[in-house]
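Working notes for the structure below.
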Amino acid sequence: MLKRLNSNLRVKMIGLMLVVIIGTLAIISGYIIYKNRVETMANFKRQGELLADVIKTSSANAETAYKSAEKVLEKEMIAEAQLIADLLNEGDINNQDLIRLSKKTGIDEFWITNGQGTVTLTNFTDGLGWTFPDDPKAQAYEFRKILDNPDKVVAQKAMVRDVDGKLFKFVGVSRKDKPGIVQVGMDASFLKQLEDKIGLQSILKELSSKDEIDYITVLDKDKEVVAKSGIYEEFASEIKKVSKSDDIFKEVINAAAVKTQLLNLNDHHIYQIVLPYKDGALNIGISFDKAMAALVQTRNNVIIISIILLVGAAIIINLFAKRISQPILDLVNVSNLVAAGDFSQQVEVKSKDEIGQLEEAYNYMLETIRGIINGIYQNAEQLETVLQEATANIVQINQNTGQSAESVDEVSKVTGEVAATIEELSERSQEMHIAGSKTFEEMQHTDKDIKYGNKILDSATQAVQDLEERVERISQISNTIMDITEQTNLLALNAAIEAARAGEEGKGFAVVAEEVRELAERSSKSAKQIQNITEAVKDATKKMKEITVGTEKSKQNSIVDVFDSISDSSGSITSNMNKVIEISEAQSSKTEETSASTEEIWASTEEVNSKFEEVSDSIDQLQSMLEQIAKDSERLVNDIDDKVKKL
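Quick note on numbering: numbering that gives the first Met the number 0 labels position 277 of the sequence shown as 276, and the sequence is numbered without any gaps.
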């Protein structure tokens, strides 16, 4: 199954595009989910910051209201204290008067001292004789400053008294009649009620009553909780454990940073934000359950939409891939037929896009391949014809070369015989010369000597005739060599023409044919030299024949005439013998030249044979090349089939 999938273009296209779409959908879905989560967290952070601003604003307003109420109370109490100081300056006031004033003015306590700070008048009779402490840590210590500075007015903030734990506010002024302190005190419980109503704890409690706010706590610089609301009282230890609040509070307080984190408290999700607040920190916990559910729902919706889009994309891609792959499948089918050897196939072009252009190019390629194959077949046939003709020419050249070699052997033999005859003629001439020289001295033996001279002369005449016949045979052989060289030259020219027709494969054959032609020309030149030499030998033998004929005529004269002209005849014989010797020597030189030319022709013939062997090897190479061309043609067809199959 996997092999089929790997070999199916349509499946590959669908798989590849689905992978791309799945990856794209995964990235988009992940981004949407991530973006939604980030925006949700950012919204919660903004909500926490807004809530912190509300707390800060409400707390500031509450503090302002509290301070304003306390300030009003303080001014009223200072006015009452000034009034008591004025009354003391105008006349005597006793304790009963202070009791009545307390009931009328609402001042709860009056404390009037002498210059030492000891109470001399009060509406509490039990307090007479009490002295303001000089301990700086005592609550009433600061009122002793009035004794040293009569113009000083001391107003304490409302605080819980050490003696009874009530919230009281005290103010004090200096006596006008004499040194001393006039202190008035008033129960400030209404300020506590006001703080409970509009204070920080009330604000936190009101804000925590909303469903999305789980808790709000306010911490001082020592990380001690000064106000709290919501579930913090119930789950304080768990919240601190999960959120590691101590470290976060420390960082927020010291660095004035804003820290957020998502807590999971018993499957209850809380978004906690810790912000700087005054010299401490404000810790707000907002319920994240609904937001978490919304995030999960968003994630599920994104996944469902992605699946729907993926299914729709798969259907569209399948149709699109089928439309693209069908022409390619048709092309593959045609390629398989072509691979099987059917080059008559043609692809039907159905579009003008890139696939249509591919189909047109494929058709053009098939036409080109058909042309190449036809050209290969034609060239192979032509090359085979050329090789057959060249083989026939080489066979004929080999035959002619064999004849030339036989002629050269015969020339060599005849030349040897001529040389032997000339050598014998030279010896006979020498003997005639010696005999002529001794003729006069041996006149008494003339008859015997003449007979002996006649024999020598007959032998010389016969040698001249034999020489003439052999020279004629050499001339005929040289003519035959000339004919053979001309025919060899013609065959070499034909071989060069056939090699040119063979193209690149016949270049080596053309070189050998050119060398054969050059050797034929050299053989022709050598044959011409032999003809020249034989002509010279003919002239020499003709002269020798004339001499022997003249000698024969003189032999027929009477002995008396011979004796009468013996002296002249001897001189003539001597002279003729000298000429015969010279001609014999010249003939010997020409014979040597003929022998050298014969050897040169023999060497040329051997070289021609060697070249023809090279030509034969070249023909074998051409035959091998022809076979290789056939193999290359077959391999070309197979390569084309493979490429077609790949396409």
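Note that beta-carbon positions come from the ideal geometry of N, C-alpha and C, so glycine has one too. All values reported here derive from a predicted model rather than from experimental measurement.
* If we count the other Cβ atoms within 10 Å of its Cβ and call it buried at 16 or more, is Leu8 buried or exposed? -> The count along the sequence shown starts at 1 and reaches residue 8 at position 9. Burial call: exposed.
* Who are the Cβ neighbours of Pro178 in its own chain at under 6 Å, not counting the five residues just before and after it? -> On the sequence shown, position 179 is the one that residue 178 refers to. Gly114.
* **Per DSSP, the bridge partner or partners of Trp110** => Counting from one through the sequence shown, the residue named residue 110 turns up at place 111. Per DSSP, Thr121 and Gln182.
* To do: Output the distance between the C-alpha atoms of Ile238 and Asn60, rounded to the nearest integer angstrom.
  => Against the sequence shown, residue 238 aligns to sequence position 239. Against the sequence shown, residue 60 aligns to sequence position 61. Each residue's alpha carbon lies about 30 Å from the other.
* Measure the Cβ-Cβ separation of Ile323 and Met16 and say whether it is below 8 Å. => The residue given as residue 323 occupies position 324 in the sequence shown. The residue given as residue 16 occupies position 17 in the sequence shown. Going by C-beta atoms, Ile323 is not nearer than 8 Å to Met16.
* Is the distance from the Cβ of Val188 to the Cβ of Leu166 below 8 Å? -> For the purposes of this step, residue 188 is identified with residue 189 of the sequence shown, where counting begins at 1. For the purposes of this step, residue 166 is identified with residue 167 of the sequence shown, where counting begins at 1. The question names Val, but residue 188 is Ser in the sequence shown. Annotated as proximal: Ser188 and Leu166, with beta-carbon spacing under 8 Å.
* When Lys240, Ile32, Asp246 and Leu218 are compared against Asn265, the one with the closest alpha-carbon -> Stepping through the sequence shown from its first residue, residue 265 is reached at position 266. Of the listed residues, the one whose Cα sits closest to Asn265 is Lys240.
* Asked: Per DSSP, Phe167 forms a beta bridge with which residues?
  -> Here residue 167 refers to the residue found at position 168 of the sequence shown. Checking the DSSP bridge columns, you'll see Phe167 partnered with Met158 and Asp186.
* Asked: How would you write the range of the alpha helix (DSSP H) that Gln81 sits in, first residue to last?
  -> Counted from its first residue, the sequence shown places residue 81 at position 82. Here the alpha helix (DSSP H) through Gln81 covers Leu8 to Glu89.
* Asked: Excluding five sequence neighbours on each side, which residues of the same chain lie with their C-beta closer than 6 Å to the C-beta of Asp213?
  -> Along the sequence shown, read from residue 1 onward, the residue named residue 213 stands at position 214. Closer than 6 Å at Cβ, skipping near neighbours: Gly229, Ile230, Ile269, Gly284 and Ser286.
* Grouping DSSP H, G and I as helix and E and B as strand, with all else coil, what is Leu193? -> As a position in the sequence shown, residue 193 is number 194, starting the count at 1. Helix.
* Asked: Ordered along the chain, which non-local residues of its own chain (more than five positions away) have a Cβ less than 6 Å from that of Glu359?
  -> Your numbering for residue 359 matches position 360 in the sequence shown. Val348, listed in sequence order.
* Asked: Between Lys554 and Thr487, what straight-line distance do the alpha-carbon atoms span, to the nearest angstrom?
  -> Position 555 of the sequence shown, counted from the start, is the residue given in the question as residue 554. Position 488 of the sequence shown, counted from the start, is the residue given in the question as residue 487. Residue placement at Lys554 is poorly supported in this model, since its pLDDT is 49, which falls under 50; the coordinates are not used for a value here.
* To do: Would you identify the three-state DSSP class for Gly355, choosing helix, strand or coil?
  => Here residue 355 corresponds to residue number 356 of the sequence shown, with the count starting at 1. Of the three classes helix, strand and coil, the one that applies to Gly355 here is helix, per DSSP.
* Quick one: what does DSSP say Gln271 is sitting in, helix, strand or coil? -> For the purposes of this step, residue 271 is identified with residue 272 of the sequence shown, where counting begins at 1. For Gln271, the secondary structure class from DSSP, reduced to helix, strand or coil, is strand.
* Asked: When DSSP labels each residue in this structure, what does Lys258 get in the three-state scheme?
  -> Mapped onto the sequence shown, residue 258 falls at position 259. Secondary structure at Lys258: strand, using DSSP grouped into helix, strand and coil.
* Buried or exposed (CB count within 10 angstroms, at least 16 for buried), Pro326 -> Working through the sequence shown from its first residue, we reach residue 326 at position 327. With 16 or more other Cβ atoms from the protein chains shown falling within 10 Å of its own Cβ, Pro326 counts as buried.
* To do: Give me the Cα-Cα distance between Thr117 and Thr216, rounded to the nearest whole angstrom.
  => Locating residue 117 in the sequence shown gives position 118, counting from the first residue. Locating residue 216 in the sequence shown gives position 217, counting from the first residue. Using only the alpha carbons, I get a separation of about 46 Å.
* Asked: Alpha carbon to alpha carbon, what distance is there between Glu520 and Asn493?
  -> On the sequence shown, residue 493 is found 494 positions in, with the first residue counted as 1. On the sequence shown, residue 520 is found 521 positions in, with the first residue counted as 1. Spanning the alpha carbons of Asn493 and Glu520 requires a straight line of approximately 15 Å.
* Reducing DSSP to helix, strand and coil, say where Lys289 ends up. => For the purposes of this step, residue 289 is identified with residue 290 of the sequence shown, where counting begins at 1. Lys289: helix per DSSP, three-state reduction.
* From the DSSP output, which residues share a beta bridge with Gly279? -> Mapped onto the sequence shown, residue 279 falls at position 280. Tyr276.
* Run of the alpha helix (DSSP H) containing Lys103, from where it starts to where it stops -> Looking up residue 103 in the sequence shown gives position 104. It spans Asn94 to Thr104 - the alpha helix (DSSP H) in which Lys103 sits, taken as one unbroken run.
* Check whether the Cβ atoms of Ile302 and Ser28 sit closer than 8 Å, and answer yes or no. => Here residue 302 refers to the residue found at position 303 when the sequence shown is read from its first residue. Here residue 28 refers to the residue found at position 29 when the sequence shown is read from its first residue. Closer than 8 Å, so yes.
* Whole-angstrom Cβ separation of Ile32 and Arg298, contact assumed at under 8 Å? -> One-based indexing of the sequence shown puts residue 32 at position 33. One-based indexing of the sequence shown puts residue 298 at position 299. Under the criterion of beta carbons closer than 8 Å, Ile32 and Arg298 qualify as touching, at roughly 5 Å.
* Asked: Tell me which same chain residues have a C-beta within less than 8 Å of the C-beta of Gln138, skipping the five on either side of it?
  -> By one-based count along the sequence shown, residue 138 stands at place 139. The beta carbon of Gln138 sits closer than 8 Å to the beta carbons of Gln155, Met158, Arg160 and Asp161 from its chain, once the five residues preceding and following it are set aside; these are given in chain order.
* To do: For Tyr276, count neighbouring C-beta atoms within 10 Å of its own C-beta (all shown protein chains included) and say buried if the count is 16 or more, exposed if not.
  => Taking the sequence shown and counting its residues from 1, one reaches residue 276 at position 277. It is buried - the Cβ of Tyr276 has at least 16 other Cβ atoms within 10 Å.
* **With 16 other Cβ atoms within 10 Å as the buried cut-off, status of Ala320** => The count along the sequence shown starts at 1 and reaches residue 320 at position 321. Buried is the call here.
* Asked: Hey, Leu218 and Asn282 are a contact pair by Cβ (cut 8 Å); roughly how many whole angstroms apart?
  -> Translated into positions along the sequence shown, residue 218 becomes position 219. Translated into positions along the sequence shown, residue 282 becomes position 283. Right, their Cβ atoms sit about 7 Å apart.
* Asked: Sorted by chain position, which residues of the same chain lie with C-beta nearer than 8 Å to Tyr65's C-beta, five sequence neighbours on each side aside?
  -> Walking along the sequence shown from the start, residue 65 turns up at place 66. Cβ neighbours of Tyr65 beyond the five flanking positions: Leu190, Leu193, Glu194, Ile197 and Gly198.
* **Nearest neighbour of Met40, chosen from Pro132, Thr121 and Ala293 [CA to CA]** => Translated into positions along the sequence shown, residue 40 becomes position 41. With distances taken between Cα atoms, Met40 lies closest to Ala293.
* Integer Cβ distance of Lys249 from Lys222, believed to fall under 8 Å -> Here residue 249 refers to the residue found at position 250 of the sequence shown. Here residue 222 refers to the residue found at position 223 of the sequence shown. With 8 Å as the limit, Lys249 and Lys222 qualify as a contact, their Cβ atoms being about 7 Å apart.
* To do: May I ask which residues mark the beginning and end of the alpha helix (DSSP H) holding Leu203?
  => For the purposes of this step, residue 203 is taken as residue 204 along the sequence shown, with counting starting at 1. Element bounds for Leu203: Leu199 to Ser207.
* Asked: Would you say the region 138-149 touches the region 118-128, given that touching needs at least three Cβ pairs under 8 Å?
  -> As far as the Cβ criterion goes, the region 138-149 does not touch the region 118-128, which means the pair count is below three.
* Asked: Does DSSP put Gly284 in a helix, a strand or coil?
  -> As a first step, residue 284 is located in the sequence shown; it is residue number 285 there, counting from the start. In the three-state scheme derived from DSSP, where H, G and I count as helix and E and B as strand, Gly284 is classed as strand.
* **Residue interval of the alpha helix (DSSP H) (run including Asp147)** => Position 148 of the sequence shown, counted from the first residue, corresponds to residue 147. Where Asp147 is concerned, the enclosing alpha helix (DSSP H) stretches over Lys144 to Asp147.
* Put Met0 into one of helix, strand or coil per three-state DSSP. => On the sequence shown, position 1 is the one that residue 0 refers to. Unreliable placement is indicated for Met0, whose pLDDT of 46 sits below 50; the coordinate value is still reported in the next sentence. When secondary structure is reduced to three states using DSSP, Met0 falls in the coil class, being assigned neither helix nor strand.
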